[in-house]
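So the structure is just underneath, and the comments pick up after that.
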Amino acid sequence: NEYYTLSIENKNKLISALNSKNYAMLNDKENIDVIDGVGSFKDKNSVLVTTSNGEQKVVEGEFIIINTGSKEAYAPFEITNSNVFSSKTLLDLKTMPKHLVIVGSGFIGIEFASMFANFGSKVTIVGRSPLLKNEDEDIAKSVKDALNVQGIEILEGCEIESLKDNALNFKQDNEDRIIKADAFLVALGRVANLDDLNLKAAGVELNEKGFIKTNERLQTNVSNIYAVGDVRGGELFTYTSLDDFRIVFSQIFGDKKRTTQNRSIHANVLFTDTPLARVGVNAKEASKLGLNFKELKLSMAAVPGAKVLNHDVGMLKAIVEASSGEILGASFHCIYANEIINEIAIAMNLKADANFFKNQIFTHPSISEALNDLFGQY
Numbered sequence: 073n074e075y076y077t078l079s080i081e082n083k084n085k086l087i088s089a090l091n092s093k094n095y096a097m098l099n100d101k102e103n104i105d106v107i108d109g110v111g112s113f114k115d116k117n118s119v120l121v122t123t124s125n126g127e128q129k130v131v132e133g134e135f136i137i138i139n140t141g142s143k144e145a146y147a148p149f150e151i152t153n154s155n156v157f158s159s160k161t162l163l164d165l166k167t168m169p170k171h172l173v174i175v176g177s178g179f180i181g182i183e184f185a186s187m188f189a190n191f192g193s194k195v196t197i198v199g200r201s202p203l204l205k206n207e208d209e210d211i212a213k214s215v216k217d218a219l220n221v222q223g224i225e226i227l228e229g230c231e232i233e234s235l236k237d238n239a240l241n242f243k244q245d246n247e248d249r250i251i252k253a254d255a256f257l258v259a260l261g262r263v264a265n266l267d268d269l270n271l272k273a274a275g276v277e278l279n280e281k282g283f284i285k286t287n288e289r290l291q292t293n294v295s296n297i298y299a300v301g302d303v304r305g306g307e308l309f310t311y312t313s314l315d316d317f318r319i320v321f322s323q324i325f326g327d328k329k330r331t332t333q334n335r336s337i338h339a340n341v342l343f344t345d346t347p348l349a350r351v352g353v354n355a356k357e358a359s360k361l362g363l364n365f366k367e368l369k370l371s372m373a374a375v376p377g378a379k380v381l382n383h384d385v386g387m388l389k390a391i392v393e394a395s396s397g398e399i400l401g402a403s404f405h406c407i408y409a410n411e412i413i414n415e416i417a418i419a420m421n422l423k424a425d426a427n428f429f430k431n432q433i434f435t436h437p438s439i440s441e442a443l444n445d446l447f448g449q450y
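Structure below.
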């Protein structure tokens with residue numbers, strides 16, 4: 073598959089270029105020393121760094137920031153196959169798998185399913201929980217329908233037993249099942265990457281899920297040590313990690329006003345062929361909170377911009393306060409959802425209501441102009 077091969081080559085080139093650029097951006101600054109190696113705490117103010125050639129150096133600091141990220145969660149079942157991959161190693165495959173079986177139905181599993189289906193692989197998702205169980209039923213159905221159109225098989229309610237002899241062994245509805253494939257992706261979530269850190273030497277504590285425990289200022293229980301990004305758990309997204317750095321910068325060098333408590337409202341995105349973007353609450357969450365709300369819905373089949381792009385899959389859904397029209401949240405499953413959801417997030421931060429989008433002048437044809445009709449229902 074030339075398309076697959078070219079995509080992997082381009083991915084490798086892009087990663088290499090970005091790594092070089094980011095490394096140089098830091099290393100070229102006079103007041104920054106970049107040391108390649110493995111860091112391990114000696115105490116709360118010093119870290120022992122071991123380089124690839126075995127040399128060791130102790131680095132001391134008034135403040136220390138931990139940003140070691142996350143790694144794939146351990147699979148709680150027997151694995152003896154050699155063709156079992158993580159979300160990282162799968163993209164090193166030189167040849168596109170004819171049949172990819174994905175164990176796990178979270179964001180990572182779904183995104184890889186959509187991507188490899190586009191490459192041309194037969195894809196099967198095997199998960200314990202219903203796909204997108206936290207989303208509203210109509211939104212989850214919209215995404216599932218789109219995945220089915222891509223040819224993706226979705227198996228729910230499965231208990232995995234083992235991965236051996238090029239086969240996944242599991243139970244579904246109390247029946248034994250076996251699926252054979254030439255590649256398996258195990259995507260069962262993420263855990264903190266704490267390898268070799270020796271946190272005990274610094275006295276840093278973990279939370280009940282094994283991530284580094286932090287307060288709203290991103291301090292650990294040791295006041296001069298901070299943790300940012302995936303290693304502290306919560307939202308495992310690049311953009312929230314970036315905002316973590318804004319908070320720590322404010323705490324160490326600024327006015328100390330930025331915290332996780334006053335972080336701006338922001339969206340999250342499931343990057344499938346037709347992306348799903350969410351901000352604020354959905355109807356399920358609004359109901360649990362006892363809010364008085366109204367649901368606004370619009371099929372993408374009614375959006376001219378989507379017709380022009382020949383991609384009218386999905387729907388838009390917004391949750392607004394029934395009496396005031398305040399925007400409480402939105403779920404967009406559509407082309408460019410990852411872009412237009414940011415308009416909703418900005419509006420929510422500015423306390424704009426449904427009438428703001430109802431009366432806004434948008435370019436035509438565009439996807440954004442659908443917000444006129446969506447919020448015009450209020």
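The numbering used here applies: residue 73 is where the sequence shown begins, and numbers increase by one. Just so you know, even glycine gets a beta-carbon here, dropped at the ideal spot from N, CA and C.
- CA-CA distance, S396 to N427, rounds to 10 Å.
- For F149, the secondary structure class from DSSP, reduced to helix, strand or coil, is coil.
- Per the Cβ contact rule, the stretch 130-141 is in contact with the stretch 287-304 (3 or more Cβ pairs under 8 Å).
- Within the same chain, Cβ atoms closer than 7 Å to the Cβ of E367 are found at A355, K389, I391, the five residues on either side in sequence being excluded.
- Nearest C-alpha to A253 among L235, K116, E247, N246: L235.
- Boundaries of the beta strand (DSSP E) around R262: 262-264.
- Assignment of alpha helix (DSSP H) within the stretch 257-314, counting only whole runs of 4 or more residues, yields 271-274 in chain order.
- A residue is called buried once 16 or more other Cβ atoms fall within 10 Å of its Cβ, and A402 is buried on that count.
- Per DSSP, A419 is one residue of the alpha helix (DSSP H) stretching across 409-421.
- Beta-carbon to beta-carbon, G109 and S124 are separated by about 7 Å, close enough to satisfy the 8 Å threshold.
- Rounded to whole angstroms, the separation of the alpha carbons of V351 and K243 is 35 Å.
- DSSP assignment within the stretch 360-386 yields the following whole beta strand (DSSP E) runs of 3 residues or more, N-terminal first: 365-371.
- Per DSSP, the unbroken alpha helix (DSSP H) holding K83 starts and ends at 74-99.
- In this structure, the beta-carbon distance from T292 to V276 falls below 7 Å.
- Of the residues assessed, H436 falls on the exposed side of the cut-off, its CB having fewer than 16 other CB atoms within 10 angstroms.
- Around the beta carbon of D316, a 10 Å sphere encloses 16 or more other beta carbons of the protein chains shown; the residue is thus reported as buried.
- DSSP lists I151, L240 as the bridge partner or partners of L235.
- Only exposed fits D115, as fewer than 16 other CB atoms lie within 10 angstroms of its CB.
- In this structure, V215 and L348 form a Cβ contact; the two beta carbons are roughly 5 Å apart against a cut-off of 8 Å.
- The Cβ atoms of I250 and I226 do not sit closer than 7 Å to each other.
- With fewer than 16 other beta carbons inside 10 angstroms of its own, Q128 counts as exposed.
- Relative to V131, the option among G386, G141, S118 whose CA is nearest is S118.
- Note on geometry: alpha-carbon atoms of S158 and A259 lie some 7 Å from one another.
- Residue environment analysis places A264 among the buried positions, since at least 16 neighbouring C-beta atoms fall within 10 angstroms of its C-beta.
- Looking at the DSSP output, I226 bridges to I197.
- With distances taken between CA atoms, S371 lies nearest to L446 out of L361, A419, L446.
- F179 and N410 have their C-alpha atoms roughly 14 Å apart.
- Between T344 and S186, the CB-CB gap stays under 7 Å.
- The beta-carbon separation of V353 and L422, rounded to 18 Å, does not stay under the 8 Å limit for a contact.
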